[in-house]
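Undergrad: Numbering-wise, the working numbering comes out as the position in the sequence shown, counting from 1, plus 409.
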Amino acid sequence: MAGEYLLQVEGLKKYFNLGKGRILHAVDDVSFAVRPGETLGLVGESGCGKTTVGRTLLKLYKPDGGRIIYRDEDVTHVPARRQRELCCKMQMIYQDPYASLNPFMTIGEIVSEGLEINKIGKDRAERQMMTYDLLEMVGLTKEHANRFPHEFSGGQRQRAGIARALAVNPEFVVCDEAISALDVSVQAQIINMLLDLREKMNLTYLFIAHDLSVVRYISQRVAVMYLGKIVEIGSAAEVYAHPAHPYTQGLLNAVPVADPEFEKSKQYKAMTGEVSSPINCKPGCRFASRCPRATEKCRTEDPLMKQVGPDHFVACHHL
Ligand SMILES: Nc1ncnc2c1ncn2[C@@H]1O[C@H](COP(=O)(O)OP(=O)(O)OP(=O)(O)O)[C@@H](O)[C@H]1O
Ligand SMILES: [Mg+2]
């Protein structure tokens, strides 16, 4: 149905050529769709390709295959001018705000840079007012505008990074581990702020995190990634209540709970075995080397996505 989705990703691929015939399959045939106003959580272990998905969607990497459809427009390959417009619509919040904020610019300059480049606001004075408004929106004040990133706490820096991303009035925001580097108490504040901003600014998020516990409170839908592929995707309610892929079950099992009885009663097996290499991948399920259910078929044949519930899809031969 036209207009049902803000973003549709079909068979997206991003490979890195490491030289000497070694090709790293960072994102390998990834498909998902996000409705306006919704948050899709994207989880998986370090190196599974989450950031590469985000960066490829924003064209910071050139896609090697598949299609990216934004508001019913195929934006996979568009002229530079259209791409610049799209850059305002699609923004990213980074894991490490310290590394992503220029240390030689004040917070005010960092936040207003996007306004200037995109000629938002009629003059300098108006852009300054807009910058102050943005700082206030993320819980900072206009007094912060003249300070440098190193004068800020981690949480304040992340707020500044969020203000910078929101300055150009985006519709779709990739939050790449936006809270992972922060203290737990600060994490909750930032998550709540992101939830508020989602309402206020009609934002749609792709919310990237390592583990399922973090995305639980913010996502309506969840996608679980393993070595370049999505292995399970569905409504958060379904995926948390009935995780069907052995990897998702393993991830949920890994979330510690402060209750020894519950810890003992955990129903899913812990993950063992070696992680396969994402370089020059052969056919077959990439999780097979760690999977308690793996059979010969898993080692030779790629599992296809199967529907297991109303909004719940899983790629596994042994459901
Ligand atoms: N620019 C690059 N050149 C070569 N390889 C890359 C590049 N960027 C990422 N990779 C590789 O692609 C794979 C996916 O990396 P990516 O950063 O997307 O993972 P991630 O899921 O975001 O991990 P993390 O949770 O640690 O942030 C990894 O094997 C990584 O080493
Ligand atoms: Mg990453």
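We put the beta carbon where it would ideally sit given N, CA and C, even for glycine.
Check this for me: beta carbons of G420 and D481, under 8 Å apart or not?
TA: Along the sequence shown, read from residue 1 onward, the residue named residue 420 stands at position 11. Along the sequence shown, read from residue 1 onward, the residue named residue 481 stands at position 72. Cβ distance not < 8 Å, so G420 and D481 don't count as in contact.
Undergrad: When you measure from the CB of T485 to every non-hydrogen atom of ligand 1, does any distance come out below 7 Å?
TA: Taking the sequence shown and counting its residues from 1, the one referred to as residue 485 is at position 76. No, the beta carbon of T485 sits no closer than 7 Å to any heavy atom of ligand 1.
Undergrad: Considering Cα atoms alone, identify which of Q716, E580, T681 is closest to N611.
TA: Position 202 of the sequence shown, counted from the start, is the residue given in the question as residue 611. Cα-wise, what sits closest to N611 is E580.
Undergrad: Locate the alpha helix (DSSP H) running through A576, then write down its first and last residues.
TA: Taking the first residue of the sequence shown as position 1, residue 576 is located at position 167. Per DSSP, A576 belongs to the alpha helix (DSSP H) from 563-576.
Undergrad: Would you call the segment 485-494 and the segment 448-465 touching, i.e. three or more CB-CB distances under 8 Å?
TA: Output reads no: the segment 448-465 does not touch the segment 485-494.
Undergrad: Considering only DSSP beta bridges, list what K638 is partnered with.
TA: For this step, residue 638 is matched to residue 229 along the sequence shown. DSSP lists Y635 as partners of K638.
Undergrad: Under three-state DSSP, which class holds V487?
TA: The residue given as residue 487 occupies position 78 in the sequence shown. Coil at V487, not helix or strand.
Undergrad: Once the 5 residues before and after G563 are set aside, which same chain residues still bring their CB inside 8 Å of it?
TA: As a first step, residue 563 is located in the sequence shown; it is residue number 154 there, counting from the start. Excluding residues within five positions, the ones whose Cβ falls inside 8 Å are P506, Y507, A590, L591, D592, V595.
Undergrad: Quick one: does the C-beta of D585 sit closer than 7 Å to a heavy atom of ligand 2?
TA: Numbered from its first residue, the sequence shown carries residue 585 at position 176. For ligand 2, at least one heavy atom lies less than 7 Å from the Cβ of D585.
Undergrad: Is the closest heavy atom of ligand 2 to the C-beta of T460 under 7 Å?
TA: By one-based count along the sequence shown, residue 460 stands at place 51. Checking the Cβ of T460 against ligand 2 gives yes.
Undergrad: Out of Y614, D585, A663, E535, which has the shortest C-alpha to C-alpha gap to R444?
TA: Here residue 444 refers to the residue found at position 35 of the sequence shown. For R444, the nearest C-alpha among the options comes from Y614.
Undergrad: Does L469 pass the burial test, meaning 16 or more other C-beta atoms within 10 Å, or should it be called exposed?
TA: Along the sequence shown, one-based indexing puts residue 469 at 60. With fewer than 16 Cβ atoms within 10 Å of its Cβ, L469 is classed as exposed.
Undergrad: Beta-carbon within less than 6 Å of S685's beta-carbon, same chain only, minus the 5 sequence neighbours each way: which residues are those?
TA: Against the sequence shown, residue 685 aligns to sequence position 276. Cβ neighbours of S685 beyond the five flanking positions: R695, S698.
Undergrad: Do the segment 455-475 and the segment 532-546 make contact, defined as three or more Cβ pairs closer than 8 Å?
TA: No, the segment 455-475 is not in contact with the segment 532-546.
Undergrad: Are V648 and V631 closer than 8 Å when you measure CB to CB?
TA: The residue you call residue 648 lines up with position 239 of the sequence shown. The residue you call residue 631 lines up with position 222 of the sequence shown. Contact: yes.
Undergrad: Note down the Cα distance separating H721 from L549, rounded to an integer number of angstroms.
TA: In the sequence shown, residue 721 corresponds to position 312, counting from 1. In the sequence shown, residue 549 corresponds to position 140, counting from 1. One C-alpha to the other measures close to 40 Å.
Undergrad: Is F425 near ligand 1, with its Cβ less than 7 Å from a heavy atom?
TA: On the sequence shown, position 16 is the one that residue 425 refers to. Yes, the Cβ of F425 comes within 7 Å of a heavy atom of ligand 1.
Undergrad: What's the call for F513, buried or exposed, on a 16-neighbour Cβ count within 10 Å?
TA: Against the sequence shown, residue 513 aligns to sequence position 104. Its Cβ having fewer than 16 others within 10 Å, F513 is exposed.
Undergrad: What's the C-alpha gap between G659 and P701?
TA: By one-based count along the sequence shown, residue 659 stands at place 250. By one-based count along the sequence shown, residue 701 stands at place 292. C-alpha separation (whole angstroms): 10 Å.
Undergrad: Could you tell me if the beta carbon of C690 falls within a distance shorter than 7 Å of some heavy atom in ligand 1?
TA: The residue labelled residue 690 in the question sits at position 281 within the sequence shown. No, the beta carbon of C690 sits no closer than 7 Å to any heavy atom of ligand 1.
Undergrad: Taking the alpha carbon of K638 as the reference point, which residue from L728, T657, Q565 has its own alpha carbon closest?
TA: On the sequence shown, residue 638 is found 229 positions in, with the first residue counted as 1. Out of L728, T657, Q565, T657 has the C-alpha closest to the C-alpha of K638.
Undergrad: Could you give the first and the last residue of the continuous beta strand (DSSP E) run that contains G412?
TA: Looking up residue 412 in the sequence shown gives position 3. Unbroken run through G412: none, as it is neither H nor E.
Undergrad: Taking buried to mean at least 16 other C-beta atoms within 10 Å of its own C-beta, is G430 buried or exposed?
TA: In the sequence shown, the residue the question calls residue 430 occupies position 21. Flag for G430 reads exposed.
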